[in-house]
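Per numbering that gives the first Met the number 0, the very first residue in the sequence shown carries number 0; after that it's consecutive.
A short write-up of the structure that comes next.
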Amino acid sequence: MRVPLSWLREYVDVAADATPDDVLAALVRVGFEEEDVHRFEISGPVVVGQVLSFDEEPQSNGKTIRWCQVDVGEAEPRGIVCGAHNFAVGDKVVVTLPGAVLPGPFPIAARKTYGHVSDGMIASARELGLGDEHNGILILSELGVDAPVGTDAIGLLGLDDVAVEINVTPDRGYAFSLRGVAREYAHATGAAFRDPAERDFAELQPGSGHATVVDDRAPIRGRVGASEFVTRVVRDVDPSRPTPPWMIARLALAGMRSLGVLIDITNYVMLELGNPIHGYDLDKLRGDITVRRAQPGEKLTTLDGQERTLHGEDLLITDESGPIGLAGVMGGGTTEMGDTTRNVLIEAATFDPTTIARTARRHKLPSEASKRFERGVDPLIPFVAARRVADLMVELAGGTLTDEGGALFAEVVVEGIDLPAGFVPGLIGVAYSDDEIVGALETIGAEVTATDTGWQVIPPTWRPDLTDKWTLAEEVARIHGLDRIGSVLPTPPSGRGYTPLQRGRRRVLNALAAGGFVETPSFPFTTQEQNDLHGSADGSRIAGVRLANPLDGQAPYLRRSLVPGLLQTAHRNISRGLTDLAIFEAGAVFLPVDGVTYGTDAVPPLGERPSDETLAALNASIPPQARHLAVLLTGNVSPRQPGRPAEAAGIADGLDAVRLIAVAAGVEIEVAQGRREALHPGRTGVLTVRGEEVGYVGELHPQVAADADLPGRAVVLEIDLDRVLSLTGERIVAASLSTFPAATQDVSLVVPVETPAAHVRAALAEGAGTLLESLRLVDDYRGEGVGEGEKSLTFALRFRADDRTLTAAEATEAKLAGVRVAAERFGATIRD
């Protein structure tokens, strides 16, 4: 909200020497956020001049200029070249003299042009920042302004005014008016406030002859679309009359351009009182006004020239011809006020905030009117606003106020709020006295009545945001200053913090980041083809969850795997020259259950908490969401260096990432030969924890990598992170370090080629017993010396005891015990 200070001073006593920063500081004290300060970017000398004479001089370019002699209050007239032709000798104009600076910035200097030295410039309205009119210069008599030659035109036209801008939060719609901001400034400073809405009730009585009917067949939350609707009629207006400069200047500083005196008046009163006003050309109306919901198939052309197809919830202003306005949002073009308007019907109303908000969003048509109605306007203000507009049309447009009009209004009932004694100090943490609490609430306009347990508070009609004791407590704190609230760091209760699952996630992700991987979150949307390829082991078609209103029509499904997102990220980075990538993502995947339909067409009611049954139905409409972790490596894991070639990423690097995750998660992840449709058939591993499959690792199939525009190899792994963390078992305890030496031995076992090395390793470890400290596969040989259909697996074993130095015989016995288990299970034999 932009607030011109000259306008603010009409309703509250702002100190004469108060700067814009002082005003902003005062408004910040009562809870507003300061945004900016706005001024007319103009500096003098800019004076009133009078045209003494001019000569028409045609130019070779076909343009005719005027060489003018202009009296600016100096001893001699000034010669000024002007290209406009809408003035005559004797007219008083605005002259910008050398040294002046106009908006742009555009400095003025004496310069030679068209064969003359132009000693200044005769300005138009647009050049002065007063509007968009640029067809001719500004003639003061057309604005109804007269002043002696040489008078400072900046002050005369209100160009010396300044506006402060504040951010108005959604709950404080009353501050979208000078009336509301002036009241808040008075709260902050204690300055005297003069309410522009205080008028003699007799002046506000509506006329008759223009009936209004509200026919609301679809009220929202039991509230009809319009609760007040006031009309007044002003006849014999002259729309060609100029808008006074002070009004143009104030509207411009408030962010609105001048559109003619009749529309300017309605905008001015809206800014002044906070109630949007609409004016109709009375001669274009057909019969009485009906406020109703739209019928199926109805259309309306709004003032912006757009034809809009209406929705059944849209609230309309209609006459016998049909819709003439979108209530509370924008009027229609058929009854628009214009240059031929002679008689005006003024409308001031109170509309249901929810209805207006939905209509404005449905038609993507935010307006100054809807911004105020959707936040709630004072239901007692329409009578005042309608009369204020009528008075200004009489004063500025030469109209005549008649007894015609009409009114439809409902009784305004504001429910009282019980405020228990001691509640405000207990909530805010400040020892407010009873007098301070009552005084603050009465200051904002509330009626406070003492009760046995505290007070009953009736909020003012312009504060629909005050609905309970908590909002009242906030008002007390705001009025008495938020700086009274002490800065005390709360002590968290014991037992709070991250859950074990959350700690485990952070530990794994931090380990990957520390290991050189970069996290790259992506949107959870993909195609059915990508879900089939990466979301299942064999590439079979699996039902996915399709979005009803996807952000991207080419990716309408929720992902079953994180890999497609990593492939897109890798492609994007490679296309920009980043070819060596080690990236990961942790996020939800969506795994629907066969036979279950997800999603719902039921829209829960707005403005109230859904029932438990509705929430249960909504939760049932959401598919299971597992939290996965996926990694992708491509390019080189180590760059080329002197004496050392580059090392491309391969399956071994994927296995290293698996080990890194396993250590961080505190589990042992086993890898066995596997197969997936999207991966290389010979370089794919299935990941298991305690015999339960939790993911996979492998190199992308070359065709899949080519389809993703990835050059060379790409290694991916994906695990069910939450499932892995749930299998960690008991709390991890760091083992003590033995001071005794280790005994190392190797063993080579011949097994059938289809036997997974991980299974052989597990059998060795089981048989070797507690003396075994570590066990690693160091070689997988297939060739000469090994039978057809067999392979030789070489393991390095390390044994250590906590209480003694092991002998070679003890280490050998433990090794052979492991070999015996492997022989029983897989027919393993020691290779000669």
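Ideal placement from N, C-alpha and C gives every residue a C-beta, glycine not left out.
Residue i: first and last residue of the uninterrupted alpha helix (DSSP H) it sits in
i              : result
proline 352    : 352-361
leucine 834    : This structure gives no information on residue 834, because the portion of the chain shown stretches from 0 to 831.
aspartate 20   : 19-28
valine 116     : From DSSP, valine 116 is part of no alpha helix (DSSP H) but of the beta strand (DSSP E) over 115-117.
arginine 386   : 381-396
proline 563    : 562-574
isoleucine 478 : 468-479
alanine 619    : 611-619
Residue i beta carbon near the ligand COA (any heavy atom closer than 7 Å)
i          : result
serine 239 : This structure lacks the ligand COA; in fact it carries no ligand of any kind.
Cβ-Cβ separation, residue j to residue i (assumed contact under 8 Å), whole Å
i              : j             : result
threonine 452  : alanine 420   : 6 Å
alanine 326    : alanine 225   : 7 Å
leucine 96     : valine 69     : Leucine 96 to valine 69, Cβ: 10 Å. No contact.
leucine 129    : leucine 101   : With 8 Å as the limit, leucine 129 and leucine 101 do not qualify as a contact, their Cβ atoms being about 11 Å apart.
glycine 82     : lysine 62     : 7 Å
proline 3      : leucine 258   : That belief does not hold up - the Cβ atoms of proline 3 and leucine 258 are roughly 18 Å apart, past 8 Å.
asparagine 266 : leucine 250   : 6 Å
threonine 762  : alanine 821   : The sequence given here places alanine at residue 762; threonine does not occur at that position. Rounded, the Cβ-Cβ distance is 4 Å, consistent with contact.
proline 877    : histidine 533 : Outside the displayed span of the chain (0 to 831) sits residue 877, for which this structure offers no information.
alanine 581    : glycine 515   : 6 Å
valine 383     : alanine 196   : 5 Å
alanine 554    : threonine 525 : 5 Å
leucine 7      : valine 180    : 7 Å
C-beta contact flag for residue i and residue j at 8 Å
i              : j                 : result
valine 746     : valine 818        : yes
glutamate 870  : valine 27         : Since the displayed the chain opens at 0 and closes at 831, residue 870 lies outside it and no answer follows.
threonine 835  : glycine 331       : Here the chain covers residues 0 to 831 and nothing more, so residue 835 does not appear.
proline 570    : aspartate 706     : Residue identity check: residue 570 is histidine in the sequence provided, not proline. It is not a contact, given that the beta carbons lie outside the stated cut-off.
leucine 284    : methionine 392    : no
valine 343     : tyrosine 431      : no
glutamate 691  : leucine 726       : yes
arginine 231   : alanine 389       : yes
threonine 242  : aspartate 263     : yes
threonine 358  : proline 378       : no
glutamate 765  : arginine 799      : no
alanine 162    : arginine 387      : no
valine 507     : isoleucine 660    : yes
aspartate 160  : serine 5          : yes
glycine 398    : valine 268        : no
valine 693     : leucine 631       : no
alanine 795    : valine 670        : no
valine 212     : aspartate 145     : no
isoleucine 416 : valine 456        : yes
alanine 472    : phenylalanine 422 : yes
Delimiting residues of the beta strand (DSSP E) encompassing residue i
i              : result
tryptophan 461 : Unbroken run through tryptophan 461: none, as it is neither H nor E.
glutamate 34   : 32-38
proline 57     : 45-57
isoleucine 111 : Residue identity check: residue 111 is lysine in the sequence provided, not isoleucine. Counting along the chain, the beta strand (DSSP E) containing lysine 111 begins and ends at 110-112.
glutamine 624  : 624-633
histidine 277  : 276-280
leucine 580    : 580-589
glutamate 227  : 225-234
aspartate 1    : First, the residue type needs correcting, since residue 1 is arginine and not aspartate in the sequence shown. Per DSSP, arginine 1 belongs to the beta strand (DSSP E) from 1-3.
aspartate 214  : 211-214
Min CB distance residue i to chain D below 8 Å
i          : result
valine 752 : Among the chains of the structure shown, chain D does not appear; only one protein chain is present.
inquiry  = Check whether the region 678-689 and the region 606-617 are in contact - that is, three or more C-beta pairs closer than 8 Å.
reply    = Too few Cβ pairs lie closer than 8 Å, so no.
request  = Jot down the residue ranges of each uninterrupted alpha helix (DSSP H) in the region 649-734, minimum 4 residues, whole runs only, in chain order.
outcome  = Runs of the alpha helix (DSSP H) inside the region 649-734: 650-664, 701-706 and 720-725.
request  = Ignoring anything shorter than 3 residues or poking outside the region 736-811, list the beta strand (DSSP E) runs there in chain order.
outcome  = Within the region 736-811, the beta strand (DSSP E) runs of at least 3 residues that lie entirely inside it are, in chain order, 742-751, 771-780 and 789-798.
key: Touch test, the region 627-636 against the region 651-665, Cβ-Cβ under 8 Å, three pairs minimum   = Because the criterion of three Cβ pairs below 8 Å is met, the region 627-636 and the region 651-665 touch.
inquiry  = When you compare the region 473-489 with the region 577-592, are there three or more beta-carbon pairs, one atom per stretch, that lie closer than 8 Å?
reply    = Contact between the region 473-489 and the region 577-592 is absent, because fewer than three Cβ pairs lie under 8 Å.
message = So within the region 505-554, which uninterrupted alpha helix (DSSP H) runs reach at least 4 residues, ignoring any that extend past its ends?
response = The qualifying runs are 527-533.
Within the region 140-187, ranges of the beta strand (DSSP E) (whole runs, at least 3 residues) = If we require 3 residues or more, the beta strand (DSSP E) runs fully inside the region 140-187 come out as 161-166.
query = Is the region 751-760 in contact with the region 789-797, if contact means three or more CB pairs nearer than 8 Å?
reply = Using a Cβ-Cβ distance cut-off of 8 Å, the region 751-760 and the region 789-797 are in contact, since at least three pairs of beta carbons, one from each stretch, lie closer than that value.
request  = Take every Cβ of the region 571-586, pair it with every Cβ of the region 625-633, and state whether three or more of those distances are shorter than 8 Å.
outcome  = Output reads yes: the region 625-633 touches the region 571-586.
key: Cβ contact check for the region 571-580 and the region 496-507: 3 or more pairs under 8 Å   = With the cut-off at 8 Å, the region 571-580 and the region 496-507 do not touch.
query = Can we say the region 357-374 touches the region 103-120, given the rule of at least three CB pairs closer than 8 Å?
reply = Verdict: no, contact absent.
request  = Please list the segments of the beta strand (DSSP E) lying wholly inside the region 400-461, counting only runs of 3 or more residues, in order along the chain.
outcome  = Scanning the region 400-461 for uninterrupted beta strand (DSSP E) segments of 3 residues or longer gives 416-419, 446-449 and 453-457, listed from N- to C-terminal end.
task = Please go through the region 237-281 and give each complete alpha helix (DSSP H) segment of 4 or more residues, from N-terminal end onward.
result = With a minimum length of 4 residues, the unbroken runs of alpha helix (DSSP H) contained wholly in the region 237-281 fall at 244-252 and 260-272.
message = Please give me, in chain order, every unbroken run of the beta strand (DSSP E) with length at least 3 that falls completely inside the region 292-371.
response = If we require 3 residues or more, the beta strand (DSSP E) runs fully inside the region 292-371 come out as 298-300, 306-308, 314-318, 321-325 and 342-350.
ask   = Enumerated in chain order, which unbroken segments of the alpha helix (DSSP H) with a length of 4 residues or greater are wholly contained in the region 58-129?
value = Complete alpha helix (DSSP H) runs here, min 4: 124-127.
ask   = Does the region 9-23 come close enough to the region 179-189 that 3 or more CB-CB pairs lie under 8 Å?
value = Yes: the two stretches touch, three or more of their Cβ pairs being nearer than 8 Å.
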